[in-house]
Structure formats: structure tokens, C-alpha cells
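Residue numbering for the sequence shown follows the numbering used here, starting at 2 and increasing by one per position. Glycine is no exception: its CB is placed at the ideal position from the N, C-alpha and C atoms. Shown next, in C-alpha cells, is the structure this report addresses.
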Amino acid sequence: MLLAVKYAHIVCITLSGALFVWRGTRLIALGRSPAGWERVLPHIIDTLLLTTALGLVFMLRLNPLEHGWLAAKLVAVIGYIGFGFITLRFARSRSQQITAFSCATVTFAYIVLVAITREPWPPTALL
2 MLLAVKYAHI
12 VCITLSGALF
22 VWRGTRLIAL
32 GRSPAGWERV
42 LPHIIDTLLL
52 TTALGLVFML
62 RLNPLEHGWL
72 AAKLVAVIGY
82 IGFGFITLRF
92 ARSRSQQITA
102 FSCATVTFAY
112 IVLVAITREP
122 WPPTALL
């Protein structure tokens, strides 16, 4: 059961990140806001992502107050969501979209590195 939830979480992470890059790139390059499946599917995937994340936290009995890497990841997820909202909805100019999109993708990469290394500052774990 644990492995199934873990792999479902990894698939959801991959799909969520890929769809964000797809939507952000189309918005910046073509000036088109997501419509139809591009607007609905990410919400479904992100709901599954959150559900699997909570499942893993409970199954593994992880506490963000005891594990600094998990607390850092949660804070970064909130930042990623914020940058995503700015990119896809609130940015008023192309330069704001590009800046927010860049911040979101860097934050996403940070979240993945924190998950892999289980270190709140991943570059130190990679040295």
C-alpha cells in the first residue's frame, strides 16, 4: 500500500509540474489563458497530489515540526502555489508572467530536491 501511494504521488508530481510548464509556456508565448481540460485537469491532479502527500505523511508518521526538510517543503509548496497563481491569473504584463513563472519553476525544482535529499537545503546534501 505504501509503495502504491508513493508511486501515485510521484506520478502526480510529474504530471502537475509538466502541466504547469505547459500552461505557463502557452500563456507567455501565445497569450492564451488555459481553457477546457487545461483548466480542469490540473485541479484534479493537484487534489490527488495533496491526497497522496497526506497519505504518505500519515503512513510514515512524519511530523513537520520534527523533520526540517518536511517543514521546508511545505513552505515551498505554499510559495509555488502563490507563484503559480501570479503566473496564470494575476500577472498584468508579460514580464511579470515570466518572472513569476521562473520563480515557480525554481521553487518546484527546490521542492523535488528537498524530497529526494530530505534536507531543507539540498545543495549541502549534494556536495
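Three-state secondary structure (DSSP) of residue i
i: G69; result: helix
i: S103; result: helix
i: G138; result: This structure cannot speak to residue 138, because the chain is shown only from 2 to 128.
i: P23; result: The question names Pro, yet the displayed sequence has Trp at residue 23. DSSP places W23 in helix when its eight states are reduced to three.
i: E120; result: coil
i: R95; result: helix
i: G83; result: helix
Neighbourhood of residue i by C-beta distance below 7 Å, restricted to the same chain and skipping five residues each side
i: A54; result: H10
i: A116; result: K74
i: L42; result: L20
i: R33; result: R27
Beta-carbon proximity of residue i to residue j, cut-off 8 Å
i: E120; j: W38; result: no
i: T125; j: A105; result: no
i: Y111; j: A77; result: yes
i: G56; j: V6; result: yes
6 Å CB neighbourhood of residue i in its chain, flanking five on each side removed
i: L3; result: M60
i: G25; result: T88, F102
Sequence-distant residues of the same chain with beta carbon closer than 8 Å to residue i, five excluded per side
i: V22; result: T106
Q.
Would you call the stretch 6-17 in contact with the stretch 37-49, where contact means no fewer than 3 C-beta pairs closer than 8 Å?
A. With a cut-off of 8 Å, the stretch 37-49 and the stretch 6-17 count as touching, because enough Cβ pairs lie within range.
Q: Evaluate contact between the stretch 23-39 and the stretch 88-99, counting only Cβ atoms and requiring at least three cross-stretch pairs below 8 Å.
A: The stretch 23-39 makes contact with the stretch 88-99: 3 or more CB pairs, one atom from each, lie closer than 8 Å.
Q) Within the chosen definition, does the stretch 78-93 reach the stretch 60-67 through at least 3 CB pairs nearer than 8 Å? A) Three or more Cβ pairs closer than 8 Å define a contact, and the stretch 78-93 falls short of that threshold against the stretch 60-67.
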